Every structure is written in C-alpha cells, then in structure tokens.
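In the working numbering, the protein residues as written are 2 to 88. Every residue, glycine too, gets a C-beta built ideally from N, C-alpha and C. Since we're looking at a predicted model, the values are computed, not measured. What follows is a short report on a single structure.
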C-alpha cells in the first residue's frame, strides 16, 4: 500500500499544474457552498431540499449544503458554478 500511495503522490498529486487545478476546484466548491447557502432550499437538488428543511439548526443546514456540493462531479460543479455564480 505505501508503494501505491507513493506512486499516486508522485504522478497524480504533485504533477505539473496540479496545485493550480486543485486551487481552482477549492474556489469553485467554496463559491458553491456560499451561493447555495444563500439560495437554499430552492437551489438544491430535490433530494436535498427536504433534508435542509428538516435540519434542526444552521449547522445542520450547512451540512446539507456541503453534502449537495460533495455529491457533484467536477463537470457538474463547474456547470452549477456557472449557473449560480457566473464565470
């Protein structure tokens, strides 16, 4: 297992340009969490709306928003970002 982790670290995580890509992905996801927090529950997928409404407090509602963002594939996150945030 350590060998596979070392290979992944060398050829995936630390490849040229990876840090810039990861930074952009973090920005997109942070923007989405903010945009969805402001627009919830209406902007959430139908499965997440009832969960958001049933959450007992702000922390619970934030957890639902984070789960929504975590459920998105990279292309879907970019599409949602374009729709909700622009650019």
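Looking at 72, 56, 59, the one whose alpha-carbon comes closest to that of residue 46 is 72. Shown here, residue 76 sits in a helix according to DSSP, grouped into three states. A direct Cα-Cα distance of roughly 43 Å separates residue 44 from residue 4. Straight across, the Cα-Cα distance linking residue 81 with residue 57 is about 26 Å. For residue 50, same chain residues with a beta-carbon under 6 Å away, outside a window of 5 residues either side, are 42 in chain order.
Setting aside the 5 residues that flank it on each side, residue 53 is surrounded in the same chain by 41, 42, 45, 62, 65, 66, each with a C-beta closer than 8 Å to its C-beta; the list follows chain order.
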